[in-house]
Structure formats: structure tokens, C-alpha cells
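Data block below; observations after.
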Amino acid sequence: MPANSKETSLPIRGRARAGVGDRPVHRSPSVAGLKTLAEATQKIDALDARILLGHVLKAETAYLIAHAAEALDPEQAAAFDTLVARRVKGEPIAYITGRREFFGLDFRVTPAVLIPRPETELLVDLALARIPEKTACDVLDLGTGSGCVAISIGRHRPQARVTAVDRSTEALALARDNARALAARNVAFAAGEWFGAVAGQCFDLIVANPPYVAEGDPHLAQGDLRFEPALALCGGRDGLDAIRAIVAAAGRHFSATGWLLFEHGYDQAAACRALLQAAGFTAIDSWRDLAGHERVSGGRKLDGSLR
285 MPANSKETSL PIRGRARAGV GDRPVHRSPS VAGLKTLAEA TQKIDALDAR ILLGHVLKAE
345 TAYLIAHAAE ALDPEQAAAF DTLVARRVKG EPIAYITGRR EFFGLDFRVT PAVLIPRPET
405 ELLVDLALAR IPEKTACDVL DLGTGSGCVA ISIGRHRPQA RVTAVDRSTE ALALARDNAR
465 ALAARNVAFA AGEWFGAVAG QCFDLIVANP PYVAEGDPHL AQGDLRFEPA LALCGGRDGL
525 DAIRAIVAAA GRHFSATGWL LFEHGYDQAA ACRALLQAAG FTAIDSWRDL AGHERVSGGR
585 KLDGSLR
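To convert, count from 1 in the sequence shown and add 284; that's my numbering.
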């Protein structure tokens, strides 16, 4: 697993759908003529094959297992062959099916956005712990992508007013579609570069999953990362450019008190805490994901505490 990459190899949390993450691809010189699930598993991982066939047939996993040896009709076989061929080439399952589950919700995804990852659910957990259940508050999500963080927060805190920002118009269009599909009516969207989209506005909580992979990281040419938008992955020479910008500007966008929480690479926590301390945050901490990596850091702003 790369030092700072947004990989899918971490354990999937209990609420996430098993099998949605990418699995090792078994290469084959040909994918022609696939007729059954059993044949497909000779070319790709069995779990991936079931996901793809379920996508074609709109069938549940239990049905697919029980009928694994049944032949597909020609139309189904052609559709299945096409999806398997894409997976053999390494394309992520989430982009092939156009779906990914996150925090118990089903999100549409495209190559315009990062694939939602289970480790990012930690960011949502920490945010929800700081948002009152029955009191209105203002939340900002920077770099929303598919909208998975903002929408998950909005769905679990209906009294919150959530603003989701992204500089990609394609990403924002997708996030809006996800918000409509998931009935997240308390989530609004704004286009722009970080805080530029919310000039003059203040929030009680700011969350972000910014680009944090260092330029030149060899893992950018491997696995899922080959297919994901570089704009959402690369954070400059050391991976911290976006985090520096967010920490430096956050103080101008807090209400009287507030929290800043953001995801980062597993080896960047110490540097992130130093940035927060230099900016005058208090209660600075880093939190570990289920794999034991320090994955999210943050701090609190009190009146007069920020420089």
C-alpha cells in the first residue's frame, strides 16, 4: 500500500457492502465467449464476477451463487463479456458499475470523482460526533467529489445546513444528482477553489478529503489510481499543498467556535498536527482508521485562538 495513496486495500467497515472494493485481477489473454459466472471466475476474482453479473442481471448475490452454472442468453452474455473485459484491464469495479456504497448509502460514481473509500467513513464519524442531533449548525465540506461525505452528514444530521464545495463542475453535477437521489435536502452546493466558493461565510464545522498524494508517487501509475482524476489525488511535491491552504484559511470561516477535520495520508499526521498548531488550533489530534493508520487530523477553534 503506497505511503499516501487513496487505496482500497483497507478493511471494509461493517456498514459497507462486502465485495464492492476492488480485488486482485487474474489476467487472461481472452475474455471472449463468457457464458456463465463459473467461466468468468477463470479470468477475474470470483467476487468481482458476481458483482458484475449481478449488475447485468439486476440480481442479488444469493441468486447468483445458486445459479452459477446457468448459461446466459446472448444479450446478457455480451453485456457480461464487456464488463469482464474492462475488469481484466484493471478498471475499478465502482467505475464499471457506476455505484459505490458509503456509510450505508448507495452513491453513483464516475471517473470524474474519486471512488468513495471505507477509511473516509472515519471522517464522517468524527464529524457526526461534533454535530448536535437536534440543533441547527453550519457544516462545510471542501472537495466534495461524489458528495459522499456531505450527503452522509446531511442524512444523519437533518438539522444541519451542509455546504459542499468542489472546483470540478462534473463532480458537482454528480454530487447534486446523488443528493437528489438520496433525499439530502439540507445539502447545498457551490463551485470554486476551497474557500473561494464561500467568501464571507462562516461555519461551525469544516471537513475535507483533499488531494494528499505526493507528486511522483509511483503508486499513481498502479491500481485504481490510474483511473481516478489526478486533480483529486495529487497534493503537490510532498502531498500537503491543499492541506496547507485549507488550514491557513480556515480561521476566517469559523463561527465563534468550530472544528476543522481532514483526511490525509497514513504518514502525514505529524506534519498535519504541526500545521494546525502553527495556525493556532487547540485540541489538536489525529485519529486512526480500522487498519491502525492515523488517517484524520483536526483541531478546534476558540475565540481568539487562531493566528
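Ideal Cβ positions, reconstructed from N, Cα and C, are used throughout, including at glycine.
Nearest-angstrom Cα distance between residue i and residue j?
i    : j    : result
T325 : A333 : 6 Å
L544 : V393 : 26 Å
N493 : R464 : 22 Å
V340 : T428 : 29 Å
A563 : A363 : 54 Å
L412 : E405 : 11 Å
A455 : C432 : 11 Å
R451 : V408 : 21 Å
V471 : R579 : 25 Å
A475 : D461 : 15 Å
L398 : R439 : 21 Å
L466 : L389 : 8 Å
A540 : A483 : 17 Å
D365 : L509 : 24 Å
L348 : G535 : 53 Å
Q506 : L586 : 42 Å
I380 : F386 : 17 Å
G583 : R414 : 12 Å
V497 : G542 : 27 Å
G382 : T320 : 22 Å
R469 : T453 : 20 Å
A529 : F391 : 28 Å
F538 : V531 : 12 Å
R370 : A346 : 24 Å
Which term fits residue i, buried or exposed, when burial requires 16 or more other beta carbons within 10 angstroms of its beta carbon?
i    : result
G576 : exposed
D226 : Only positions 285 to 591 of the chain appear in this structure, which leaves residue 226 out of reach.
V315 : Unreliable placement is indicated for V315, whose pLDDT of 37 sits below 50; no coordinate value is reported for it.
T566 : exposed
T447 : buried
H351 : exposed
K418 : exposed
G523 : buried
D501 : buried
D488 : buried
Q561 : exposed
R441 : buried
P402 : buried
On a CA-only basis, which of the options is nearest residue i? Give me that one, please.
i    : options                : result
H548 : S452, A516, G374       : A516
V368 : L336, K418, F565, F538 : L336
G457 : T404, H503, A396, E375 : Reading off the sequence, residue 457 comes out as Ala, not Gly. Nearest of T404, H503, A396, E375 to A457, Cα basis: A396.
D425 : P416, S436, I568       : S436
P400 : R384, F546, D365       : R384
F473 : F387, S430, A420       : S430
S443 : T345, V423, A558, A459 : Going by the sequence as given, residue 443 is Gln instead of Ser. Of the listed residues, the one whose Cα sits closest to Q443 is V423.
V449 : W478, R469, D329, L559 : W478
A361 : G338, D525, A346, K373 : G338
L356 : E323, I377, E375, R371 : E323
E375 : F538, E512, A555, A529 : E512
Grab the span of the beta strand (DSSP E) containing residue i for me, first residue to last.
i    : result
G438 : First-last for G438: 432-440, but that is the alpha helix (DSSP H), not the beta strand (DSSP E).
I490 : 487-492
V449 : 444-450
D390 : 389-392
A474 : 471-475
I568 : 566-572
V580 : 578-585
Under DSSP, the alpha helix (DSSP H) around residue i begins and ends at which residues?
i    : result
T428 : Run containing T428: none; DSSP gives neither H nor E here.
A558 : 553-562
E405 : 405-412
T453 : 453-465
I377 : 377-381
Does the beta carbon of residue i come closer than 7 Å to any beta carbon on chain D?
i    : result
T394 : Annotation note: the requested chain D is absent from the structure, which comprises a single protein chain.
Can you check the stretch 323-357 for any alpha helix (DSSP H) of at least 4 residues that lies completely inside it and give the ranges in chain order? Those alpha helix (DSSP H) runs which fall completely within the stretch 323-357 and span 4+ residues are 330-341, 345-350.
Please list the segments of the alpha helix (DSSP H) lying wholly inside the stretch 503-546, counting only runs of 4 or more residues, in order along the chain. Listed in chain order, the alpha helix (DSSP H) runs fully inside the stretch 503-546 are 525-534, counting runs of at least 4 residues.
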